Structure formats: structure tokens, C-alpha cells
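Protein chains in written order, with the working numbering: chain A, 2 to 263; chain B, 334 to 615. To start, the structure itself, in C-alpha cells.
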Amino acid sequence: MSVFDGLKFRKVFSPIHNLDPRIKFIYVIAIFISAILFSQILPLAILFLMQLPFVFLARVQKQWVRSLRGAAFLAGFIFIVNILTTYFYNDFNLTALNVESALAMTMRFVVLVESFSVFFLTTSPDYLGLALEQSRVPYEFAFAFTTAVRFVPVLAEEAQTIMDAQKARGLELEKGSLLKRIRNYIPILIPLIVSAIRRSLELAEAMESRAWGATKKRTNLYLLKLHKGDYILLGITALILIVTIYVRFFLPEAIPLISSFF
Amino acid sequence: MTIIKISDLVYTYPGGSKPSIDGVSLKIEKGEFVLITGPSGCGKTSLCRTFNGLVPHFYQGELKGQVIVAGQDITSKQTSDMAKHVGLVFQNPENQLFALSVEKDVAFGLENLGMSREEMRKRVDWALNLTGIYDLRERSPHEVSGGQQQRVAIASVLAMQPEIIVLDEPTSFLDPLSAERIFEVIYKLNQEQNITVVLVEHRLDLTAKYTNHLVVMNKGKICLEGNPRDILYSEETSRIGVGIPKATLLYKKLKTAGFEVNKQTPLSSDELADQLMETLSK
Numbered sequence: 002m003s004v005f006d007g008l009k010f011r012k013v014f015s016p017i018h019n020l021d022p023r024i025k026f027i028y029v030i031a032i033f034i035s036a037i038l039f040s041q042i043l044p045l046a047i048l049f050l051m052q053l054p055f056v057f058l059a060r061v062q063k064q065w066v067r068s069l070r071g072a073a074f075l076a077g078f079i080f081i082v083n084i085l086t087t088y089f090y091n092d093f094n095l096t097a098l099n100v101e102s103a104l105a106m107t108m109r110f111v112v113l114v115e116s117f118s119v120f121f122l123t124t125s126p127d128y129l130g131l132a133l134e135q136s137r138v139p140y141e142f143a144f145a146f147t148t149a150v151r152f153v154p155v156l157a158e159e160a161q162t163i164m165d166a167q168k169a170r171g172l173e174l175e176k177g178s179l180l181k182r183i184r185n186y187i188p189i190l191i192p193l194i195v196s197a198i199r200r201s202l203e204l205a206e207a208m209e210s211r212a213w214g215a216t217k218k219r220t221n222l223y224l225l226k227l228h229k230g231d232y233i234l235l236g237i238t239a240l241i242l243i244v245t246i247y248v249r250f251f252l253p254e255a256i257p258l259i260s261s262f263f
Numbered sequence: 334m335t336i337i338k339i340s341d342l343v344y345t346y347p348g349g350s351k352p353s354i355d356g357v358s359l360k361i362e363k364g365e366f367v368l369i370t371g372p373s374g375c376g377k378t379s380l381c382r383t384f385n386g387l388v389p390h391f392y393q394g395e396l397k398g399q400v401i402v403a404g405q406d407i408t409s410k411q412t413s414d415m416a417k418h419v420g421l422v423f424q425n426p427e428n429q430l431f432a433l434s435v436e437k438d439v440a441f442g443l444e445n446l447g448m449s450r451e452e453m454r455k456r457v458d459w460a461l462n463l464t465g466i467y468d469l470r471e472r473s474p475h476e477v478s479g480g481q482q483q484r485v486a487i488a489s490v491l492a493m494q495p496e497i498i499v500l501d502e503p504t505s506f507l508d509p510l511s512a513e514r515i516f517e518v519i520y521k522l523n524q525e526q527n528i529t530v531v532l533v534e535h536r537l538d539l540t541a542k543y544t545n546h547l548v549v550m551n552k553g554k555i556c557l558e559g560n561p562r563d564i565l566y567s568e569e570t571s572r573i574g575v576g577i578p579k580a581t582l583l584y585k586k587l588k589t590a591g592f593e594v595n596k597q598t599p600l601s602s603d604e605l606a607d608q609l610m611e612t613l614s615k
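Following this line, the structure appears as C-alpha cells:
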């Protein structure tokens, strides 16, 4: 099951996990906008550091570091491309300012990745499904989303069973060229798809038997309510946006460049 | 009061060459515990699916005859309308739970009916308590055991407060102990809530003692119907290939060998043990 462990979802309780996903999403969008508006390293670094309390309050440091490590390759690529283009553009000259702006671009990317990963790391899928249901997304979509999440571990387990069964009959998965190896997976995919279709029919039957589509006005067992924490986050979000817009449009000269200190 | 009345039912699946249900008539009274058994492919699953109209609405195909359930003709009602009257529990517990928490799954049907939140809360808690899974309510259905999943499935139809609960081999994915617990839950619902139960099962060892209305099906027809003590003792039953309880078999062998244990055919090992002790201590 090791390959599929990352796909399982577990319920975690922390002040951040308990926040309303809708507000969290607005917060992420605000960070996103701020990161796009600024192109200097200092404000971007501040945006980066601002996420840290979230990560620690939610106790998702490990997963967070892992997601950053995943983004490291792309971040390095962005940095190198930035440096190289300015280097060739400026007739093979490189100033401290160029390096700083390349760093800023990289930092911007990292902030974007970071804020989205914090959102997904701290929002459980059932909460997200509930938020979808209660923000006027048609129920069918919200249902499809939660059902997909619900069946990921089930299908993963089934894939493992099929793999074991086919290996027991002598199927060699790890042998041959790349093309051969991809072809090796066909005897696993076909039974998996067939059983998924059969499963979906059974699901449809169970849904019908439990009055799916009986009324147009579906109700919900849970009601998402805004709590104190949500209002605080909303306040923080508003503050970030106000400060960003003020500094970016009214005090553009006030943002110091690191390279000017040398 | 008759709650299910089937007359001369013939049903053929789309593309089927011969009918899966071939001339079945059956009457079930309110509050009964009916056990349907028979070899695989005998039409018992199809019959179950007529009770809430999945046959013919979901499966299409050709249906002749009449099925009246809770006063409704199923051909003129949608399955979603029948859901209030008939709760169907399926074989595979995994494929009938869709939500990310047990509680939300139990509420699924009620949400579909558009029930108010307060009423829903009451019914969900009631169903969770009756099936003994209140403590699991916040867990994900995937995390709990197969037996618990099946109890969630029962709770989720129970929450809709149907007059009839139909269970199609609910324990075939479970170990014997979990199966026995499921049957106890079902029996309790039948006795305490006066819910009509229709149970399709192979495991007569565990279930024969609960019923006094046994239906044996074979090749799309009902071949025997009535008191389980008579039916399970009869020669015809053993020819069809029904899983006759061990206690009944032993009793039959003893009787053929000339040992008169008791007048009444036992349906469970407890009953047989009592009879034997009584005879031996004489």
C-alpha cells in the first residue's frame, strides 16, 4: 500500500483545519494577488514568512517541507532562466540587481506554491465538499468530488490486489524497455476499469434506493458557520490586501532593494 | 395487513433470453420476518429489486404481473419515492456508502428528501443508536470494519424510517461473528420497531431461527414457502441445494436412524442441544 499512502485522507484537528474553507480560500487568493503585484524580494519574503505561523499552528511542517522540496526543482529552473536571460540580454553582464530580481521571481513562485499547499494540507476533503455544497455549486459536482475522494483508497487497494493477482500469474511489471513496462500495466488497468464501472453501477443503485433526486431542494446535515477564527482570518486577509495595494500603488519607491545596501 | 403483494410476476432483463423471475406470487404481512433463500441465480436478487422499483426502472427490461408495496404499484412510482417505504441494503457494504463520514452517510437519504436539519439530526442519532454505531459517527466509512460498514448501510436506510427493510445477502462479505451481529441488529429492528424484514441469505445456520416464513426459490420460481421447520426437513429442499442448518441435518439423521429426539425440527444448535439434553436426562 506504500505507493498509495499519500492518497489517503485523515481527519486532523487544529485551529487552522477548523477554519471555514471558503475564508481560507479567499485568504489564499489574497496572498496570490499580493505575490503577483510585488516584484521585489523584500515584500515577497515577508509574504513567505507570513505563512509560517499557519504551518506551525496546523502542525503540517513535514508535509509542507515535502511540498516545498517538490517545488524546488521548478524554482531552481526559474532562477536559472531568469539569470541567463538577463545575462545574455545585458551583453554578458550581471549586476547584483539582476540577481536580486531573479531571486524575487523565484520567491514569487515559492509563495504561490506555498499558499496553495497550505490550503490543501489544512483542508480536509469533506470540509471542502461541504464548502462546495454551500457555495451554490450544483450538488452533483460536490457529490462527484466527495465520492471521488471517498473511493480513492478503495480503488488503490483494488489496484494492489489486481497487481498481486497478475504477478502471481507471472506478469513481470518491472522488466523491459520503457514502452514494454508501460504495456505491462494494461493487464492491470483493464480489470481495474471494468471493476470500477461495475462498482459505479452498484453505487448508482444504492443512491437510487436512498431517494437520490427525490426533491429539487436538497438539505444538508451540516451548516458551515463562521466562527471567531474565521473573522480573524478575514480581517488578516483584508489587511494584507489593503497594505499591498497601498504600498504597491502609493508608495512604490518605499520598498527597499537589498542590493542597494551594499 | 398485507404490505407486499406480488401477483404472477414475470421479469426478463434486457437482452435476457429467459425470464429471471418466472411467475412468482408472494404475500408478505406487515411485521413479518421473511427469509428468502435458494441457489445462486435463482432470481432472489431480482425479486428484491422489484420491491423498491429498481426493477424495472433502473434495469429496464420487461415486467409482467403486478407488484404492490406499501399500497403503491411500483411500476407507477419512482425508486426515489419508494425509498420512503422500502429500504434496500446491498451485498457489498463498500459500494453503498458514499460520504466521508458515517454520520453524513446516514443522513444522505434524508438530505435527498429535503428534511429540516433538526429533524434530520434526531433521526440520524436514532438510527446510529439502534444499530450501535453512534461512537463511529465521525469516522470515515473506509476506516471502519466490514461489519461496521454494513451496520452503517442499515442505519442509513433505517434513518428514512421505512416500513420495510430488504437485505440482499448483507453478510456475504463478512466473517461469521460479524454476520451474527448483523442478524441480531436486524432481528431487533423487526421485534422492537415492528419493521417488516425481507432477508435474502444463504447462511440458514444463523438465520433460520429468526423466521417463521421461509421462501425457497429455484430457477426463477418459488418452489417452497411456509414454516421453516417443515421446509428444511423436507427432501425437496436438500435436492435444490439450500444450506440447511447443521442442527436440522443432524436431527434428520438421528430420526432416520430411529432416534426419536423430539417432535419439533430444530433450527439452531441451541434448540437441538436443549432437545438432546432433555431426551438424555430422561
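We put the CB at the ideal spot given by N, CA and C, even for glycine. The structure displayed is predicted, hence computed values, not measured ones.
Is residue i buried or exposed, if buried means 16 or more other CB atoms sit within 10 Å of its CB?
i, result
"B:Thr-370", "buried"
"A:Val-278", "Because chain A is modelled from 2 through 263, residue 278 of chain A falls outside the range shown and cannot be assessed."
"A:Tyr-128", "buried"
"B:Phe-592", "exposed"
"B:Pro-426", "buried"
"B:Gly-480", "buried"
"B:Gln-393", "exposed"
"B:Gly-348", "exposed"
"B:Ala-606", "exposed"
"B:Tyr-543", "buried"
"A:Tyr-90", "exposed"
"A:Pro-16", "exposed"
"A:Arg-23", "buried"
"B:Gly-442", "buried"
"A:Ile-243", "exposed"
For residue i and residue j, I'd like the C-alpha separation in whole angstroms.
i, j, result
"A:Gln-167", "A:Arg-182", "14 Å"
"A:Phe-5", "A:Ile-163", "Confidence at A:Phe-5 is low in this model, with a pLDDT of 48, below 50, so the placement of that residue is unreliable and no value is reported for it."
"B:Leu-421", "A:Val-56", "45 Å"
"A:Tyr-223", "B:Ser-413", "22 Å"
"B:Gly-525", "A:Arg-219", "A small fix is needed here, since residue 525 of chain B is Glu in this sequence, not Gly. Each residue's alpha carbon lies about 31 Å from the other."
"A:Pro-257", "A:Pro-44", "9 Å"
"A:Arg-60", "A:Leu-131", "23 Å"
"A:Leu-20", "A:His-228", "8 Å"
"A:Leu-38", "A:Ile-246", "8 Å"
"B:Thr-581", "B:Glu-568", "12 Å"
"A:Asp-165", "A:Gly-171", "10 Å"
"A:Lys-217", "B:Gln-399", "30 Å"
"B:Pro-474", "B:Leu-613", "50 Å"
"B:Thr-378", "B:Glu-502", "9 Å"
"A:Arg-151", "B:Tyr-346", "31 Å"
"A:Arg-184", "A:Phe-74", "29 Å"
Could you tell me which residues DSSP puts in a beta bridge with residue i?
i, result
"B:Lys-338", "B:Lys-360 and B:Ile-401"
"B:Tyr-344", "B:Ile-354 and B:Leu-396"
"B:Gly-587", "Checking the sequence shown, residue 587 of chain B turns out to be Leu, not Gly. DSSP, once it has assigned bridges, lists no residue as partnering B:Leu-587."
"B:Leu-500", "B:Val-422 and B:Leu-532"
Against residue i, what residues of chain A qualify as contacts under a CB-to-CB distance less than 7 Å, listed in chain order?
i, result
"B:Glu-496", "Those do not exist, as B:Glu-496 stays about 15 Å from chain A at its closest Cβ, beyond 7 Å."
"B:His-418", "Under the 7 Å cutoff, chain A gives no residues; its nearest Cβ is about 11 Å from B:His-418."
"B:Glu-427", "Val-155"
Taking 8 Å as the threshold (C-beta atoms), are residue j and residue i in contact?
i, j, result
"A:Ala-76", "A:Phe-110", "yes"
"B:Ile-528", "B:Leu-522", "yes"
"B:Val-518", "B:Gly-465", "yes"
"B:Ile-336", "B:Tyr-344", "no"
"A:Ile-241", "A:Ile-42", "no"
"B:Leu-557", "B:Pro-578", "no"
"B:Val-485", "B:Val-435", "yes"
"B:Leu-387", "A:Glu-206", "yes"
"B:Val-530", "B:Ile-498", "yes"
"A:Leu-113", "A:Phe-33", "yes"
"A:Ala-105", "A:Thr-87", "no"
"A:Thr-124", "A:Lys-25", "yes"
"B:Val-324", "B:Leu-380", "This structure gives no information on residue 324 of chain B, because the portion of chain B shown stretches from 334 to 615."
"A:Ala-215", "B:Ala-416", "yes"
For a contact defined as C-beta to C-beta under 7 Å, what are the partners of residue i on chain B?
i, result
"A:Pro-22", "What A:Pro-22 touches in chain B: nothing, since even the nearest Cβ is about 13 Å away."
"A:Arg-200", "Asn-428"
Run through chain B and tell me which residues come within less than 9 Å of residue i, C-beta to C-beta.
i, result
"A:Ser-196", "Correct list: empty, because the minimum Cβ distance to chain B is about 10 Å."
"A:Trp-213", "Thr-412, Ser-413, Ala-416, Phe-441, Gly-442 and Asn-445"
"A:Arg-219", "Glu-444, Asn-445, Leu-446 and Gly-447"
"A:Asp-127", "Ala-432, Leu-433, Ser-434, Lys-437 and Ser-473"
At a CB-CB cut-off below 9 Å, which residues of chain A make contact with residue i?
i, result
"B:Asn-385", "Glu-209 and Ser-210"
"B:Val-490", "Ser-210 and Arg-211"
Which chain A residues are close to residue i, counting only those with a beta carbon under 8 Å from its beta carbon?
i, result
"B:Phe-431", "Phe-144, Thr-147, Thr-148, Arg-151, Leu-204, Ala-207 and Met-208"
"B:Met-334", "Within 8 Å Cβ-Cβ: nothing; B:Met-334 doesn't reach chain A, min ~24 Å."
Can you find a heavy atom of the ligand NAP that lies under 7 Å from the Cβ of residue i?
i, result
"A:Tyr-186", "What this structure holds is no ligand at all, so the ligand NAP is not there to describe."
Residues of chain B with a CB under 8 Å from the CB of residue i: which are they?
i, result
"A:Leu-1", "The structure shown has nothing for residue 1 of chain A, since chain A only spans 2 to 263."
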